[in-house]
Structure formats: structure tokens, C-alpha cells
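Contents: one structure, followed by commentary.
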DNA sequence: TATTGTTATACTCTATAACTATA
DNA sequence: TATAGTTATAGAGTATAACAATA
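Protein chains in written order, with our numbering: chain A, -18 to 128; chain H, -18 to 128.
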């Protein structure tokens, strides 16, 4: 077993700082919601359905790191808002497939969520190199989450 | 008013992707907690006090983007765990200053939080250039949150 | 009067447990 | 038996409202 190298100490620092930064921006973004807007979880589920097409509750839950019961609640809210619709699985009577409705697609197209607008305005104040770093980081952060 | 330029569309994409990525990693990290460990909010408050020294409830609330009442709850939990202690403000009888106790300092030194360990392990699987990108991004994300 | 902090209460999101239906 | 989903209940974190003490 080696003593920690300088690069390992740097990595520990990076992990700590990234964890704190993620938490801080998550809390900052959380307060940017206008009345009647989709919650962060609802928006994440909608975005996932847009990218991946129809999915079951269980698969959506795995993708977003929540329990199936929690995703069930989120999907019930989206269904009641008319943004997703359910249909039976063609071969497995237990499963239910969820897909975006036309209204759901329109909701994804509409570029007016307060959280997104706030983040966009904040990023506009950065210089191009920093924006590029954040775009690259977004892909890496997703990769980390799914690893 | 100009039509959106290519670079503006790129920026919109970056904002959307970053927002989704932050949410996804926040949920992924949230499930990595061992029984008895500090919550993410408690850890953030502790880290803030370590960096900035003694602070009032209101200042801590502003730093972490929650209401003073919410930070009051977090600080009460930390106080009960013996990790922070309160003392009166020297000149303003309304304010209360919170600072780390020896146990709080020790808790910050201890490098064993499940969330941090999970993130560290995930980052170890990245190549050095990607780690560097994430370290730079952590600083930018903090800057965004505070902008 | 304005501000800091506390107490009481409620809301959102997610979790665990128990249940039904299907495989 | 095992799995997908539902229903009921509970917990964590944060919010709003009402209040007390101090500036």
C-alpha cells in the first residue's frame, strides 16, 4: 500500500470541491422556480422520455436514481398534467410504458423554465473558455452519475 | 433584437445539459449515505464554517441559499451532535455566532463520508485530463451559484 | 420600525412496507 | 416464486407565518 501521492491528494480535493459545488448549485437552482412550473424531478423525467422514447416506471426510476414508487408519483403528476400518457406493454401485462404526449413535447420545446433561464443568464456572464469547460464538464458529470 | 446565433444556441444547450447533469449527480450522490452520517446540508454548513470561520445563522443561510429558519434547524442538529457551538455576538445582542468545535474540526478532517468516497472512486476511473476539467468546473460551478 | 433568531406548521420529494396482478 | 406497479405511511429538508428580543 502506497502513501498517498500528490496527485491522489489533488483528486481528493477535486472530489470534495465538486461535491460541495454540486450541492451549492443544486440548492441555488432549486429556489429558481415560478409558480406552476414543473419540478426538477418532473423535468428530468420528461427530458429522459424525450431522449430515450417510451420507458417503463422501473427503467425511469433506475435512470434517475430514485425508487420505482417515487418515480410512480412523479409520472402520476405528469400524467395528470397531460404531459405523458401510459400504454400497456405489448407482451408483458405487468409493465406500463410511458411516453410524451404532444403537450409534453411542446413543454420540452418551450424554453422558459425559470431554472434554465437563470442558469443561462449566469453562464452568459462567463468567458467562452469557461463556458466550454462547463459544457465538457456536463458530459463528464453525467458519465460519473451513471458509472 | 438579433436572431439567435449559433453560439447562443450552443450556450442554451450547455445550460440545459448542465442543469440536467447537476440534478442527476445530486440525486446519485444523495443515495450514497451511511446511517448516522451527516446530511448534505449539514456537511455544507460545516465546510462553510471551516473555510470562513464563525458565522451567524443569517449569513450561513445566504451562503447556502436556504431561509434562515431552515439553516437554524441544520445548526441545531449540528449543535446537538456537538460539532458546532454558539456564542453571543460581541456587539449585537440579536445575533448568534456559530463556530466549529474540536469535534467539528475532527469531523471535517475525517475523510470517510460515503458520498465523498463514492465520488472519489468514480473520478479515479476518469483519465487525468477529464479530472482536470472537473476540478476547473467545480470552481466555475461555485462561481455560478454565487453570481 | 427593522432585523435576528425561534417556534409552529405545512409542503415537496423520496423512502419503506404491504398489497395486487402478471410472468 | 419473482417482478412491475400501486397504495399507504413516514422521514428529511425546506418553506411560510407568527412571535420575542434587540437595534
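Glycine included, every Cβ here is placed at the ideal spot set by N, Cα and C. Being a predicted model, the structure only gives us computed values, none of them experimental.
Is residue i near the ligand ZN - that is, is its Cβ less than 8 Å away from at least one heavy atom of it?
{"i": "residue 92/A", "result": "The ligand content of the structure shown is nil, which means the ligand ZN is not present either."}
For residue i versus residue j, is the C-beta spacing smaller than 9 Å?
{"i": "residue 30/A", "j": "residue 94/A", "result": "no"}
{"i": "residue 119/A", "j": "residue 119/H", "result": "no"}
{"i": "residue 65/H", "j": "residue 34/H", "result": "no"}
{"i": "residue 6/H", "j": "residue 12/A", "result": "no"}
{"i": "residue 114/A", "j": "residue 117/H", "result": "yes"}
{"i": "residue 112/H", "j": "residue 27/A", "result": "no"}
{"i": "residue 14/H", "j": "residue 22/H", "result": "no"}
{"i": "residue 60/A", "j": "residue 68/A", "result": "no"}
{"i": "residue -12/H", "j": "residue 109/A", "result": "yes"}
Since residue i sits in a beta bridge, which residues does DSSP pair it with?
{"i": "residue 46/H", "result": "According to DSSP, which records beta bridges pairwise, residue 46/H is partnered with nothing at all."}
{"i": "residue 80/A", "result": "66/A"}
Pop quiz: residue i and residue j are said to be a contact at Cβ under 8 Å. What is the actual Cβ separation, rounded to whole angstroms?
{"i": "residue -1/H", "j": "residue 78/A", "result": "Not confirmed; about 29 Å, so no contact."}
{"i": "residue 106/A", "j": "residue 46/H", "result": "Actually they are not in contact, since the Cβ atoms of residue 106/A and residue 46/H sit about 18 Å apart, beyond 8 Å."}
{"i": "residue 89/A", "j": "residue 10/A", "result": "Not confirmed; about 18 Å, so no contact."}
{"i": "residue 72/H", "j": "residue 53/H", "result": "At roughly 21 Å, the Cβ-Cβ gap does not stay under 8 Å, so residue 72/H and residue 53/H are not in contact."}
{"i": "residue 25/A", "j": "residue 4/H", "result": "5 Å"}
{"i": "residue 48/A", "j": "residue 57/A", "result": "Going by Cβ atoms, the distance from residue 48/A to residue 57/A rounds to 14 Å, so no, they are not a contact pair."}
For residue i, name the three-state secondary structure that DSSP assigns.
{"i": "residue 116/A", "result": "helix"}
{"i": "residue 74/A", "result": "coil"}
Within the segment -15 to 69 of chain A, ranges of the beta strand (DSSP E) (whole runs, at least 3 residues): With a minimum length of 3 residues, the continuous beta strand (DSSP E) runs that stay inside the segment -15 to 69 of chain A are 65 to 69.
Whole runs of the alpha helix (DSSP H) within the segment 87 to 113 of chain H, excluding any shorter than 4 residues: Entirely contained in the segment 87 to 113 of chain H, the alpha helix (DSSP H) runs reaching 4 residues are, in chain order, 95 to 105.
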